[in-house]
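Trainee: Mind looking over this structure? Questions follow.
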Amino acid sequence: LPVKFTPVAEMDYSGSLIITTNDPDEPVLSIALSGSGIQYHSNVLILGNVEVEEGGHVLVPVSIENTDVITGFQFDVILPQGVTFADSLFTTPRIYNHVVEGSMIDNVLRVICYSMDNTPLVYNTGMVMEFGILASVPANYYSLEVSGVLLNGEDGSNEYTDHIDGVLTVLPSTSDGSSLLLSADYL
């Protein structure tokens, strides 16, 4: 006999399952039941994977997939030695009426996005911003590890449930080292 529990709110429930039988000794069985309703929450910060040639500049996409209302966020990214923050932050239309700032603390990039009037992010899925990095490292794969994630809810609580780290793929340079110099003498 399958029994299904489908709560409609986040609270504790209790009740009884009554079974009528043809057993003359126990014609009615009463079984106590209890359970808790739990709402599914998923609020994930995602760092995109990027490719760049040695010595090149690339924008790293940052996305948030959220089931709760998010009004701001903060996260740290550990940059590998030789990878530097290019002092560039670009927002998408999901961030409206927000301030975004980035700063380096040793080899850690800290990004903060906030709204002075608690404006929520627009929509519940997609890219929220990009930050620029310069890859002065040899060709290889480098982890872009996220830590210290805060996803600020409407009531000021941290709604963070998970994050996904990114990967920086540095490709060998295709430049042969030559360059073209123009002079007004020859134009």
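The opening residue of the sequence shown carries number 645 in my numbering; numbering runs sequentially from there.
Where a beta carbon is used, it is the ideal one built from N, C-alpha and C, also for glycine.
Thinking residue 762 and residue 798 are a contact (beta carbons under 8 Å), I'd like their distance in whole angstroms, please.
Mentor: Their Cβ separation, rounded to whole angstroms, is 7 Å, which keeps residue 762 and residue 798 in contact under 8 Å.
Trainee: Using DSSP's beta-bridge definition, name the partner residues of residue 745.
Mentor: 756.
Trainee: Could you check the C-alpha separation between residue 671 and residue 709 for me, to the nearest Å?
Mentor: So the two alpha carbons sit approximately 53 Å from each other.
Trainee: Which stretch, first to last residue, makes up the beta strand (DSSP E) that contains residue 731?
Mentor: That run of the beta strand (DSSP E) goes 727 to 735.
Trainee: May I ask whether a heavy atom of the ligand GDP can be found less than 8 Å away from the beta carbon of residue 720?
Mentor: The model on display carries no ligand, and the ligand GDP is accordingly not part of it.
Trainee: Excluding sequence positions up to five away, which residues of its chain have a Cβ less than 7 Å from the Cβ of residue 805?
Mentor: So the list reads 685, 686, 687 and 688, once near-sequence residues are dropped.
Trainee: Can we say the segment 653 to 669 touches the segment 770 to 777, given the rule of at least three CB pairs closer than 8 Å?
Mentor: Cβ pair count under 8 Å is below three, so no.
Trainee: Is it true that the CB of residue 724 sits closer than 9 Å to the CB of residue 786?
Mentor: Cβ atoms of residue 786 and residue 724: closer than 9 Å.
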